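Keeping their order, the protein sequence lines are chains A and B.
Quick note on this note's numbering: the first sequence kicks off at 821 and runs consecutively.
Quick note on this note's numbering: the second sequence kicks off at 19 and runs consecutively.
Written below as structure tokens is the structure these notes are about.
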Amino acid sequence: DGGITQSPKYLFRKEGQNVTLSCEQNLNHDAMYWYRQDPGQGLRLIYYSQIVNDFQKGDIAEGYSVSREKKESFPLTVTSAQKNPTAFYLCASSIWGLNTEAFFGQGTRLTVV
Amino acid sequence: DAKTTQPPSMDCAEGRAANLPCNHSTISGNEYVYWYRQIHSQGPQYIIHGLKNNETNEMASLIITEDRKSSTLILPHATLRDTAVYYCIASPPGGSGNTGKLIFGQGTTLQVKP
Numbered sequence: 821d822g823g824i825t826q827s828p829k830y831l832f833r834k835e836g837q838n839v840t841l842s843c844e845q846n847l848n849h850d851a852m853y854w855y856r857q858d859p860g861q862g863l864r865l866i867y868y869s870q871i872v873n874d875f876q877k878g879d880i881a882e883g884y885s886v887s888r889e890k891k892e893s894f895p896l897t898v899t900s901a902q903k904n905p906t907a908f909y910l911c912a913s914s915i916w917g918l919n920t921e922a923f924f925g926q927g928t929r930l931t932v933v
Numbered sequence: 019d020a021k022t023t024q025p026p027s028m029d030c031a032e033g034r035a036a037n038l039p040c041n042h043s044t045i046s047g048n049e050y051v052y053w054y055r056q057i058h059s060q061g062p063q064y065i066i067h068g069l070k071n072n073e074t075n076e077m078a079s080l081i082i083t084e085d086r087k088s089s090t091l092i093l094p095h096a097t098l099r100d101t102a103v104y105y106c107i108a109s110p111p112g113g114s115g116n117t118g119k120l121i122f123g124q125g126t127t128l129q130v131k132p
């Protein structure tokens, strides 16, 4: 089945550790996005990528890093510099340049203790 | 990207039509109106989008006013499974200097009641 997959669904880490969240899509989409969602809030954009080997900061990029070495993969690293990393993280992909919908993964809930 | 305004919450009786309003008075000519919904603890799901004309698909109808300053999402026969947060977003498609990113506000929490 075509889609976008995030793993794992739940992730626990100790404070001070870096952690990488996986996002893979087999939709042949050019654009990929990472969002963060806090309880009762809307989604906020962390990073986005329009093409392989290129990505741009979103509204809340501090404390996060990404890579886009392959079209189908856009991993997000939450570094120890992120002051409040506990959140629900969502990955999305879309066709670049067309007015089509974005497809979202089911999210990774990260808890840092 | 244009800012959108939605009521924070609405109720709807099961089987009745749910009409969710959205105000986007500063929308520009190349911005589409998108609707997504998010069921608790899941990723957002695309519902429908449009530019100027009214649109209908198997999930919903989108009515956009002639001046494009507001729109209404209509779920014709709401079920309990339609209980979710509904987001209205005004955004241009990616390309030509636009990022294609979606800016999510607080949305409307729709509660469908038996």
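Cβ atoms here follow ideal geometry from the backbone N, Cα and C, with glycine treated the same way.
For clarity, every value in this text was computed on a predicted model and none was experimentally measured.
Taking the beta strand (DSSP E) that residue i falls in, what are its first and last residues?
| i | result |
| --- | --- |
| ASN37 (chain B) | 36-41 |
| THR825 (chain A) | 824-827 |
| ILE65 (chain B) | 63-68 |
| ILE45 (chain B) | First-last for ILE45 (chain B): undefined, no H or E at that position. |
| LYS877 (chain A) | 874-877 |
Reducing DSSP to helix, strand and coil, say where residue i ends up.
| i | result |
| --- | --- |
| ARG929 (chain A) | strand |
| ASP100 (chain B) | helix |
| ARG864 (chain A) | strand |
| SER88 (chain B) | strand |
| THR897 (chain A) | strand |
| SER887 (chain A) | coil |
| PHE122 (chain B) | coil |
With a threshold of 8 Å on Cβ separation, who are the neighbours of residue i within its own chain once the five nearest residues in sequence on each side are excluded?
| i | result |
| --- | --- |
| MET28 (chain B) | ALA36, LEU38, THR126, THR127, LEU128 and GLN129 |
| GLY68 (chain B) | TYR50, VAL51, LEU80, ILE82 and SER89 |
| ASN72 (chain B) | SER79, LEU80, ILE81 and ILE82 |
| GLN876 (chain A) | TYR867, TYR868, SER869 and GLN870 |
Leaving out the 5 sequence neighbours to the left and right, which residues in its chain are closer than 7 Å to residue i when beta-carbon positions are compared?
| i | result |
| --- | --- |
| GLN902 (chain A) | GLY883 and TYR884 |
| SER900 (chain A) | GLY836, GLN837 and ASN838 |
| THR101 (chain B) | LEU128, GLN129 and VAL130 |
Which bits of chain A does residue i rub up against, with CB to CB less than 9 Å?
| i | result |
| --- | --- |
| LEU120 (chain B) | TYR853, TYR855, LEU863, LEU865, ALA912, SER914 and ALA922 |
Under 6 Å Cβ to Cβ from residue i, same chain only, skipping five residues before and after it: list those, please.
| i | result |
| --- | --- |
| ILE66 (chain B) | TRP53, GLU73, ASN75, ALA78 and LEU80 |
Taking Cβ to Cβ, would you say residue i is nearer than 8 Å to residue j?
| i | j | result |
| --- | --- | --- |
| ALA108 (chain B) | THR23 (chain B) | no |
| PRO110 (chain B) | ASN41 (chain B) | no |
| GLY61 (chain B) | PHE832 (chain A) | no |
| SER914 (chain A) | THR920 (chain A) | yes |
What residues from chain B crowd round residue i, counting only those whose CB sits closer than 8 Å?
| i | result |
| --- | --- |
| GLY927 (chain A) | SER59, GLN60 and GLY61 |
Would you say residue i faces chain D, with C-beta separation under 8 Å as the test?
| i | result |
| --- | --- |
| GLN124 (chain B) | No chain D appears in the structure shown, which is made up of the protein chains A and B. |
Can you name the residues of chain B whose CB is closer than 7 Å to the CB of residue i?
| i | result |
| --- | --- |
| TYR909 (chain A) | Correct list: empty, because the minimum Cβ distance to chain B is about 10 Å. |
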